[in-house]
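Notes follow the structure.
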Amino acid sequence: MELTELTKHLDKINVPRAGDRIYKDECVYSFDTPDTATGLYVSLTTFLGLGREHVARYYEHTGNAVYLHVKRTKKEIPSEEQGDGPEKKITRLAIGTVGGFMPDQQKYIYEETYQIVVLPDFLTIAYPESDLPEKVEQSVKTILQMEGAWAVAQVEAVASMWDGEVRVKSKHAANLKQLANGKKIPPSGWKCEKCDLTQNLWLNLTDGSVLCGRKFYDGSGGNGHAEEHYRATNYPMAVKLGTITKGGKADVFSYDEDDMVDDPNLTAHLAHWGINIAQMEKTDKSMIELELDLNQKFGEWVSLQEAASKLTPLYGPGYTGLTNLGNSCYLNSVMQMLFIIPDFVKRYVERAPTIFANNYNDPASDINVQMAKLGIGLLSGKYSDQPNKSGTDDESRQGIPPRMFKVLIGRGHAGFFSNRQQDAQEFLLYLINLLSRNNRHEVCPTECFKFKVEERYQCGKSNKVKYTNRPEYILPLPIPLDAAINKDEVATYEAQKKEAEDKGQKLDSSTLVRPRIKLSSCLESFSRTEIVEQFYSSALNEKTIAHKTTRLASFPDYLLIHLKKFTVKEDWTPIKLDVAVEMPDTVDLSFLRGNGLQSGEQLLPDGVTPPPPVYDAELLKELTDMGFPPNACKRALYFTKNQSLQAATNWAMEHITDSDFDEPFVPPGVDVKPDEDKFVPDQAALEMVMSMGFTQEQATKALKATNNNLERAADWIFSHQAELDSPETESNTTPPKESFRDGNSQYKLVGFISHMGTSTMVGHYVCHLLKEDRWVIFNDEKVALSENPPKELGYIYMYQRMD
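Written out as structure tokens, the structure is:
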């Protein structure tokens with residue numbers, strides 16, 4: 001009977017082809033996996049994976065009736081057999097995935113069983129089964145053989161892989177300068193030439209210096225002397241001693257290119273320093289192996305947060321953690337923070353059934369579906385059960401992996417698609433923009449963050465004023481170090497630190513004294529009047545100086561504050577300010593209220609057309625070639641009056657942390673004409689979408705909705721069929737007047753994201769949230785009561801307006 005029912009659906013059975021995505025690792029609507037008690041159902045029509053609670057609903061909407069049911073069980077290896085046999089080779093820089101580090105790989109084995117299931121009655125057919133129709137057999141066999149969608153995404157984000165990792169050939173390899181200084185490097189016994197470290201040592205291939213590498217985020221590593229040497233000499237390439245093998249392989253880093261590179265002439269370059277590759281044995285860990293070591297002990301390292309307190313684990317609804325998918329802690333922290341906000345819960349969790357029902361075509365590529373899936377996963381409690389008292393194994397499986405969400409969010413963005421650490425503030429703004437674009441026909445939950453910024457310019461000669469407004473979602477605050485309230489203590493500590501360094505010693509970390517700054521000082525610095533050069537005064541029809549003040553013309557439901565801790569030193573190297581900012585539990589921001597034109601003020605006249613700015617073409621090219629964004633280059637040349645490359649470069653470095661550094665440049669005092677904001681589709685992307693059979697109008701609409709992102713446009717166009725041919729009336733081409741929520745100026749602190757590390761590109765993020773009148777720490781998959789929330793060390797803060 002089962003085979004008879006199966007044959008009725010043969011016309012809808014498909015065999016996967018190259019390029020098809022096979023979702024056999026996780027449900028597209030939930031976090032059910034083959035390890036879940038009810039297993040996973042993979043459609044033999046669309047290859048979507050579905051959990052038990054979704055598969056029947058999916059069948060009702062699509063009529064796709066045949067599924068491969070995958071169930072995986074974990075069985076404990078008898079204690080007398082544990083440890084026997086060769087240790088499994090790790091070939092992927094990941095934890096808990098195939099080929100990656102499996103914490104329990106020596107204690108358990110995993111067995112998968114398969115069945116063919118036919119809906120609606122869930123008729124089952126054993127697999128393998130000799131009497132299966134050939135098409136079904138081929139479909140199932142191909143699904144099992146092909147990589148799952150997540151594995152394919154990880155291959156695409158090659159940062160997570162080191163077997164077969166392709167390193168770019170260094171531009172210095174062919175003509176590397178090597179000094180004839182007579183220096184020879186011994187085969188062992190190396191030590192840093194500037195300190196006593198004997199590990200993590202790098203040989204500079206130009207002058208033969210042996211110096212220690214950078215410090216890792218857990219405190220291990222080196223003192224950074226190799227990098228300091230590069231900044232002093234510009235000798236670009238170094239090889240890690242101890243990683244050199246007889247096969248001519250080694251870790252080679254190019255400081256100039258800021259990446260691990262391939263040096264095809266490594267044998268000759270090493271021979272210059274007396275190193276015979278044929279006699280070398282690998283004695284030190286490569287950078288990838290070190291990163292794996294750090295990942296493997298990562299759970300131990302993060303448990304040290306709030307180390308002075310005993311962390312009590314929390315489980316259940318609202319206390320589900322997120323698994324770290326290779327430096328995805330920035331994403332995890334942001335998403336935990338968003339889903340304590342009622343607007344996000346109402347939009348994505350309470351309305352999840354409607355969202356799911358509206359997209360049974362390609363749910364893995366729909367941002368609203370994946371937001372709903374993530375929200376339910378975090379708040380339902382389904383994936384956060386308290387472990388049995390008998391052991392700790394269940395505890396290690398707490399948390400859900402945001403795989404599909406990370407892949408979807410990263411498409412079109414090289415940084416967020418990779419497995420490298422990213423800036424949480426940049427990601428939050430990127431996500432807000434993405435969600436806003438995908439909620440154009442209804443109120444987007446990100447509106448709870450939006451506020452109006454009022455900028456007042458007063459002409460220095462005519463005293464007439466100009467008011468401009470713009471929307472913002474995050475309030476960036478400078479950190480005025482000169483406003484520290486413990487300057488004497490800091491000065492004493494710095495003197496002691498320098499004295500110790502001069503002696504080749506280090507101060508105990510417990511003696512660290514950070515500059516302490518009040519939030520009020522940051523707010524005063526933000527609101528302080530500043531002088532604007534090159535301001536075009538329409539009253540004078542010339543450029544002059546103006547006095548600018550910035551205020552908030554509206555107060556949002558939730559105010560996000562970004563402390564600008566990342567800046568550049570005098571030598572232009574990036575640095576993170578190690579400061580403590582006293583963030584109060586409640587704050588009144590009434591003094592920041594902007595009220596527009598005041599009695600007695602005269603406005604600068606409108607309608608005066610200024611001459612267009614002139615940029616020196618040669619200087620503009622030189623600046624762009626140095627790597628500065630084009631809009632930043634225009635800003636630099638405008639404000640330095642095209643004086644010189646040095647002046648423009650200095651200006652760019654001084655303003656590199658400005659929030660509008662790479663925004664389209666409009667000279668101060670100049671109004672933006674409405675038609676200058678008209679959307680212009682990327683021509684190559686437009687032609688590509690049209691080649692898929694869509695009209696120019698349809699392709700333009702898709703590109704406009706996705707900000708000219710070709711891959712997102714392709715996804716959008718197939719999931720918004722109803723909108724493709726809707727007429728472009730005035731109502732949907734002219735944007736409505738922007739609205740802003742507003743209320744009183746009193747706020748209470750309800751969450752903050754902290755960053756540990758020296759750069760946004762390394763380190764670790766954790767999130768603290770005020771839930772049920774108690775502080776909770778969300779540290780990837782670990783969720784616990786916070787006894788001593790480090791409020792003064794945060795990076796992004798979320799304040800809720802008080803009623």
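Going by UniProt numbering, the first residue of the sequence shown is number 1, and it counts up by one from there.
Here a beta-carbon is modelled for each residue, glycine too, at the ideal position from N, C-alpha and C.
Could you pull the start and end residues of the beta strand (DSSP E) that residue i belongs to?
i, result
"glycine 794", "794-801"
"histidine 768", "764-771"
"serine 527", "First-last for serine 527: 519-527, but that is the alpha helix (DSSP H), not the beta strand (DSSP E)."
"threonine 544", "542-552"
"leucine 785", "782-785"
Just checking my contact of residue i with residue j at CB under 8 Å: how many whole Å lie between their CB atoms?
i, j, result
"tryptophan 406", "leucine 331", "The question names tryptophan, but residue 406 is lysine in the sequence shown. Contact holds; Cβ gap of about 6 Å."
"phenylalanine 417", "tyrosine 430", "The Cβ separation is near 12 Å, so there is no contact."
"phenylalanine 555", "glycine 743", "6 Å"
"serine 254", "proline 236", "6 Å"
"alanine 149", "tyrosine 23", "5 Å"
"serine 538", "valine 608", "4 Å"
"arginine 57", "threonine 38", "Going by Cβ atoms, the distance from arginine 57 to threonine 38 rounds to 14 Å, so no, they are not a contact pair."
Mind checking which residues open and close the alpha helix (DSSP H) that includes residue i?
i, result
"residue 824", "As displayed, the chain neither begins before 1 nor continues past 803, which places residue 824 out of reach and without an answer."
"glutamine 696", "696-705"
"isoleucine 561", "Segment 558-563 is the beta strand (DSSP E) holding isoleucine 561; no alpha helix (DSSP H) there."
"threonine 649", "645-654"
"tyrosine 127", "Element bounds for tyrosine 127: not the alpha helix (DSSP H) but the beta strand (DSSP E), 123-127."
"histidine 61", "52-62"
"glutamine 138", "134-145"
"serine 333", "329-338"
"valine 689", "683-690"
"aspartate 492", "Note that residue 492 is threonine in the sequence shown, not aspartate. 487-502 is the span of the alpha helix (DSSP H), which, as asked, contains threonine 492."
"arginine 231", "225-233"
"arginine 2", "As written in the sequence, residue 2 is glutamate, which differs from the arginine given in the question. Unbroken alpha helix (DSSP H) run through glutamate 2: 2-7."
"threonine 354", "352-357"
"histidine 269", "266-271"
Counting C-beta neighbours from all protein chains within 10 Å, is the total for residue i 16 or more, i.e. buried, or is it exposed?
i, result
"alanine 94", "Here alanine 94 scores only 41 on pLDDT, less than 50, and its place in the model is too uncertain to base an answer on."
"lysine 599", "Residue identity differs from the one stated: residue 599 is serine in this sequence, not lysine. Answer is exposed; the Cβ neighbour count stays below 16."
"glutamate 404", "One point to set straight first is that residue 404 is methionine, not glutamate, in the sequence displayed. That one is buried."
"glycine 274", "exposed"
"glutamate 781", "buried"
"tyrosine 795", "buried"
"glutamate 26", "buried"
"proline 612", "exposed"
"lysine 8", "exposed"
"methionine 626", "exposed"
"serine 384", "buried"
"valine 783", "buried"
"arginine 774", "exposed"
"isoleucine 109", "exposed"
"aspartate 677", "Only weak support exists for where aspartate 677 lies, its pLDDT of 46 falling under 50; the coordinates are left without a value."
"lysine 634", "buried"
"arginine 17", "exposed"
Would you kindly work out how many angstroms separate the C-alpha atoms of residue i and residue j, rounded to a whole number?
i, j, result
"glutamate 227", "aspartate 262", "19 Å"
"threonine 36", "serine 30", "11 Å"
"glutamate 455", "asparagine 469", "6 Å"
"threonine 529", "threonine 549", "5 Å"
"histidine 441", "asparagine 368", "13 Å"
"residue 804", "tyrosine 536", "This structure cannot settle anything about residue 804, because the visible part of the chain is limited to 1 through 803."
"lysine 576", "histidine 269", "35 Å"
"valine 490", "aspartate 482", "11 Å"
"asparagine 14", "methionine 146", "14 Å"
"isoleucine 777", "methionine 335", "13 Å"
"glutamate 129", "leucine 48", "23 Å"
"threonine 142", "alanine 553", "59 Å"
"glutamate 622", "asparagine 631", "14 Å"
"threonine 695", "glycine 316", "50 Å"
"glutamate 112", "lysine 74", "9 Å"
"asparagine 788", "lysine 497", "28 Å"
"asparagine 433", "arginine 516", "34 Å"
"glutamate 447", "alanine 546", "32 Å"
"valine 689", "glycine 410", "20 Å"
Restricting to runs no shorter than 4 residues, where is the alpha helix (DSSP H) found entirely within the stretch 400-484?
403-410, 414-417, 424-437
Please give the ranges of any beta strand (DSSP E) in the stretch 578-645, keeping only runs that are unbroken, at least 3 residues long and fully inside the region.
580-582, 586-588
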